[in-house]
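Numbering (this note's numbering), first residue to last: 6 to 98. The structure appears below as structure tokens.
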Amino acid sequence: MPDEKLVKEGVAGTDKKMDLIVTIFPGKGGIEVEVEGKDVEFFGEDIKRVTAETLKEMGIENAKVKIVERSPLDFTIRARVRAAALRAMGVEE
6 MPDEKLVKEG VAGTDKKMDL IVTIFPGKGG IEVEVEGKDV EFFGEDIKRV TAETLKEMGI
66 ENAKVKIVER SPLDFTIRAR VRAAALRAMG VEE
């Protein structure tokens, strides 16, 4: 799959419990993920892994991602990352 291009900032999610806010920016040199939140010491690495896997599955190889987590489950992380990435690629909903 070709390297999909991010053309702008994309945001998805809420600050409610069991959710997260994902902000994706165009990046260089790979996928960089920063996670903030109350459970980051317990789940931060898992959130980073799921985020990177999701972006790679979408063909995105370069991105800067900021996540504010509220204890989300994997399926929520994937959905929010996909939505933010599509918005960052300029895809209309």
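Just so you know, even glycine gets a beta-carbon here, dropped at the ideal spot from N, CA and C. Note that the coordinates shown come from a computational prediction; the quantities given were computed from them, not determined experimentally.
- Apart from sequence neighbours up to five positions away, the residues of its chain that approach Val38 with a beta-carbon distance below 6 Å are Lys53, Thr56 and Val70, ordered along the chain.
- Residue environment: Asp79 is assigned as exposed (fewer than 16 neighbouring CB atoms within 10 Å of its CB, all protein chains considered).
- A distance below 8 Å between beta-carbons, with the five flanking residues on each side excluded, links Val86 to the following residues of its chain, in chain order: Ala17, Val27, Ile29, Val55, Thr56, Thr59, Leu60 and Val70.
- Each residue's CA atom was taken as its position, placing Val45 and Glu97 some 31 Å apart.
- Rounded to the nearest whole angstrom, the C-alpha separation of Lys21 and Arg75 is 7 Å.
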